[in-house]
Amino acid sequence: MRIRLATRAELPALQDIERAAGAPFRDLGMPEIADDEPPALDELERYRRAGRCWVAVDERDERDERDLPAAYLLAEPVDGALHIEQVSVHPRAARRGVGRALLAHAADRAREEGLAALTLTTFTDVPWNAPYYARLGFRTLPEADLTPGLRAIRRAEAGHGLDRWPRVCMRKPL
């Protein structure tokens, strides 16, 4: 897999990745997450224009229908860290290190920008969420250590009903 910035033409494929990646949540009793709509095209375009929408593509990367992205990551700076807004891997590419590679790429970009850490929010009890990120060096932030930006993100998530399941903020120093 190779990681690069997404093209505008690929944005609908990212929505398809999100839908496919969400399906396993149904088996965990989280159908609302499985059925949640992916980010809108204008939101994906905002990340893309900012240079913060990366895709993992086949090494051939011929940019045709056979070589659609297998995964994507959205990020933005929040309080001196690069906040991972979304990382999704299509099930056809699962368990091949694609998500890990996207996170490593984001960490490299964050370092280049002088940012001190990666942050994210995630479900605590989903095996491919908090336990996975902990294996990659992310640590749960106590509520008292949340920055103003992370507190705002958590409020927005709660407003969308995501706090129906246990959720945490995590941080990985760079």
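In terms of this note's numbering, the sequence shown opens at residue 15 and continues consecutively.
Glycine residues also receive a C-beta, built at the ideal position from the N, C-alpha and C atoms.
Unbroken beta strand (DSSP E) runs of length 3 or more, entirely within the segment 106 to 148: which are they? Fully enclosed beta strand (DSSP E) runs of 3 or longer: 131 to 137.
Would you kindly work out how many angstroms separate the C-alpha atoms of R16 and V103, rounded to a whole number? 14 Å
Have a look at Y86 and H174 and give me their C-alpha separation to the nearest angstrom. 22 Å
Go through its chain and collect everything with a Cβ distance to E32's Cβ below 6 Å, but skip five positions before and after it. P52 and S102
Just how far apart, CA to CA, sit L176 and A34? 19 Å
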